[in-house]
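A short worksheet on the structure shown next.
There are 2 protein chains.
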Amino acid sequence: MAIDKVKALGFDVFGTVVDWRASVAREVRGLCAPKGIEVDWEAFATAWRARYQPSMAKVRSGERPFVILDVLHRENLEGVLEAFGISGLTEPEKDHLNRAWHRLDPWPDSPPGLARLRKRYPLATLSNGNVALMVGLARHGNLPFDAILGAEVARGYKPDPQVYQTTARMLGLEPHELMLVAAHNNDLVAARAAGLRTAFVTRPTEHGPGQTIDLVAEHDFDVVAEDMLDLASRLGC
Amino acid sequence: MAIDKVKALGFDVFGTVVDWRASVAREVRGLCAPKGIEVDWEAFATAWRARYQPSMAKVRSGERPFVILDVLHRENLEGVLEAFGISGLTEPEKDHLNRAWHRLDPWPDSPPGLARLRKRYPLATLSNGNVALMVGLARHGNLPFDAILGAEVARGYKPDPQVYQTTARMLGLEPHELMLVAAHNNDLVAARAAGLRTAFVTRPTEHGPGQTIDLVAEHDFDVVAEDMLDLASRLGC
Chain A
64 MAIDKVKALG FDVFGTVVDW RASVAREVRG LCAPKGIEVD WEAFATAWRA RYQPSMAKVR
124 SGERPFVILD VLHRENLEGV LEAFGISGLT EPEKDHLNRA WHRLDPWPDS PPGLARLRKR
184 YPLATLSNGN VALMVGLARH GNLPFDAILG AEVARGYKPD PQVYQTTARM LGLEPHELML
244 VAAHNNDLVA ARAAGLRTAF VTRPTEHGPG QTIDLVAEHD FDVVAEDMLD LASRLGC
Chain B
64 MAIDKVKALG FDVFGTVVDW RASVAREVRG LCAPKGIEVD WEAFATAWRA RYQPSMAKVR
124 SGERPFVILD VLHRENLEGV LEAFGISGLT EPEKDHLNRA WHRLDPWPDS PPGLARLRKR
184 YPLATLSNGN VALMVGLARH GNLPFDAILG AEVARGYKPD PQVYQTTARM LGLEPHELML
244 VAAHNNDLVA ARAAGLRTAF VTRPTEHGPG QTIDLVAEHD FDVVAEDMLD LASRLGC
C-alpha cells in the first residue's frame, strides 16, 4: 500500500488538531465581558477566522511580502473589532487577545492520538501558523510534535505546493514519504497535488453545530479517520 | 538579573547535548570492524569532525550556496575515508554511516536535565545540524525539544549572527529573551555579540580524555553550569 512508504506525518493544526472557534470565543469573552461588552462570541471568532484566507491571499499572490500569521491575525483583529462595534481595548489587551491563537485548546482526542502516532512516526506541524504560535499551542495542549515546520519556515502559505514540499525536504523525505493529516478537503487536495500522502480526519463541529463543509472526505484520500485515535489505529500505532 | 528576562532556551547540540565522538566512533567501528577494517575509531570520528568548520566556512563566506549539514558531512566522509585508507564501502553503507550523526547518544544528564528545563522554558535547537538530523537525534535520545531551529531554518551557519537572531525572532522573542546553552566559548561569544543571553555547560571529555579546549568558561557568561541538571537547578527549574 502507498501508506507503507510513509515515514512522517505533517499536521494541519487549526481545526484539525485544535478547536480554534471555541477557544477564541472563550478568550474574547473573557477579556470583553468584564468590560460590559456583549456580542455573539462564537460569531466573533468565526468573523476573525473569515479574514484569514483573504489576508494570506495577498501574500500568496505577491501583493505583499511574506509576513507571519501573528501579523495577519493582528491586522484582522482591528477589522473584526470595528465590525462588532467593540472599542476601547488597549494595545496590550489587543496583543493579549491576538495571542489567543497561541493558546487554542486541542480536540480531546488530539493529545492521546498524537502520542500514539509519535511512537511510530515523527510528527511535524504543517500549518500556516508561525513558529511561536505553534510552539505556544503545542505546549498549551500537550501536543508532542517533533518539529515545527510549515508556513514560516517555508516562507509561504498553504496551499502553495512549496510549503508541502519544503516540509518534506526538511524532514529528509520525498513528498510521497510525508502524509498530511487534515480536516479540510482543499488542503488535502493541494497536498496530494504536491506529491504527499493524505489522511482526512473528520471535525464536524469545527465551524459550530450548523457546519456544512468538510463533513466527509470528498476525494479518494489514502486514509479517512474519525479522529486522531482512529487514525492511530488505522496506521497501526 | 538579566536572566530573569529569558523566555526560551536555544541549545547548541553537538558536544553540548550529545556525545558525537563516542557515538560516531561506535557507528563506524560497527560498520567497518566486521569487514576486517581496523583503525583508531575515535581518531576517525575526530578527523571527520575536524572537517566540519572548514566545510561550513565556504558557505559562510559565500564561496558556495547554503547546503545542509548532511551534505557537508557526506562530502567530508569521502575525505576522511580516504585519509584512513578505508575503501570498498558501498554507497548505501556510506549513507548509513553519514546518518550516524542522526543517532548520536545524549550525555546521560541531557534527557533528564532538558525535561526539567522544559517545564519552565520552551526549548529549541540552535545548532548547525539540519532539521532531519536534529529530529532524528532528538527522537533517538529522548530529547524534548519544542522546536527545531538553527542553521537550516536560518539558511546560514553559526557563528553568523543572523542564525542566533533568526532563531529568537521565530520564537517571537527579542535576542536578549533567548539564552544559548553551549559547551563552547566561541559559540557563546558570538551569541552574546548577537544579543543573546548565554549559559556555558562544561563538557570536559567531548574531545576525549586529553581535551585541552573549552574546559572552563573563559568569559563572563550569564550562567556557568556543570551539566544540564546543574543548569536546571541554577535556572530554578
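Those protein sequences? They're chains A and B, same order as listed.
Numbers in the numbering used here are just positions in the first sequence, counted from 1, shifted up by 63.
Numbers in the numbering used here are just positions in the second sequence, counted from 1, shifted up by 63.
Ideal Cβ positions, reconstructed from N, Cα and C, are used throughout, including at glycine.
Does the Cβ of residue i have 16 or more other Cβ atoms within 10 Å, making it buried, or fewer, making it exposed?
i	result
A262 of chain A	buried
I131 of chain A	buried
K221 of chain B	buried
H247 of chain A	buried
S86 of chain B	buried
D82 of chain B	buried
R165 of chain A	According to the sequence displayed, residue 165 of chain A carries His and not Arg. The residue is buried, with at least 16 neighbouring Cβ atoms inside 10 Å.
E90 of chain A	buried
T153 of chain B	exposed
R127 of chain B	exposed
E141 of chain B	exposed
V143 of chain B	buried
E269 of chain B	buried
A295 of chain B	buried
T275 of chain A	exposed
D133 of chain A	buried
D250 of chain B	buried
G213 of chain A	buried
A163 of chain A	buried
A201 of chain B	buried
A254 of chain B	buried
A256 of chain A	exposed
D285 of chain A	buried
Let me know the secondary structure DSSP gives residue i once reduced to three states.
i	result
F107 of chain B	helix
L186 of chain A	strand
V244 of chain A	strand
A113 of chain B	helix
I211 of chain A	strand
R260 of chain A	strand
V286 of chain B	strand
V252 of chain A	helix
R218 of chain B	coil
R123 of chain A	helix
V279 of chain B	coil
D340 of chain B	Residue numbering for chain B in the displayed model covers 64 to 300; residue 340 of chain B lies beyond these limits and cannot be assessed.
Q274 of chain B	coil
R232 of chain A	helix
P267 of chain B	coil
V226 of chain A	helix
I100 of chain B	coil
Please state whether the Cβ-Cβ distance between residue i and residue j is less than 9 Å.
i	j	result
S173 of chain A	F77 of chain A	no
T230 of chain A	V216 of chain A	yes
C300 of chain B	L180 of chain B	yes
L65 of chain A	R260 of chain A	Per the sequence shown, the amino acid found at residue 65 of chain A is Ala instead of Leu. A contact, by the Cβ cut-off of 9 Å.
N58 of chain B	G271 of chain A	Nothing about residue 58 of chain B can be reported from this structure: the residues present for chain B run from 64 to 300 only.
M177 of chain A	P155 of chain A	The sequence shown places Leu at residue 177 of chain A, not Met. Contact flag unset, no.
V102 of chain B	F74 of chain B	no
L241 of chain B	L72 of chain B	yes
G204 of chain A	P169 of chain A	yes
E281 of chain A	V264 of chain A	no
L243 of chain A	A210 of chain A	no
R84 of chain A	A108 of chain A	yes
K121 of chain B	R137 of chain B	no
P175 of chain A	L292 of chain A	yes
G258 of chain A	Q228 of chain A	yes
N139 of chain B	S118 of chain B	yes
R232 of chain B	F129 of chain B	no
R92 of chain B	W111 of chain B	no
K70 of chain A	Y184 of chain A	yes
T79 of chain A	A195 of chain A	no
Comparing the C-beta of residue i with each C-beta of chain E, is any distance below 9 Å?
i	result
D283 of chain A	Protein chains A and B are contained in the structure displayed, whereas chain E is not.
Below 9 Å between beta carbons is the criterion; list the residues of the stretch 187–221 of chain A that meet it against any residue of chain B, in chain order.
A187, N193, V194, A195, L196, M197, V198, G199, A201, R202, P207, F208, D209, A210, I211, L212, E215 and V216
* **Near-chain B residues of the stretch 223–251 of chain A (beta-carbon distance less than 7 Å), N- to C-terminal order** => Per Cβ criterion, the list reads M233, L234 and G235.
| Curious, which full-length beta strand (DSSP E) runs of at least 3 residues does the stretch 125–209 of chain A contain? | 186–190
Mind pulling the beta strand (DSSP E) runs of 3 or more residues that sit fully within the stretch 68–94 of chain A? 71–74
| Which residues, in chain order, does the stretch 165–189 of chain A contribute to contact with chain B at a C-beta distance below 9 Å? | H165, R181, P185 and A187
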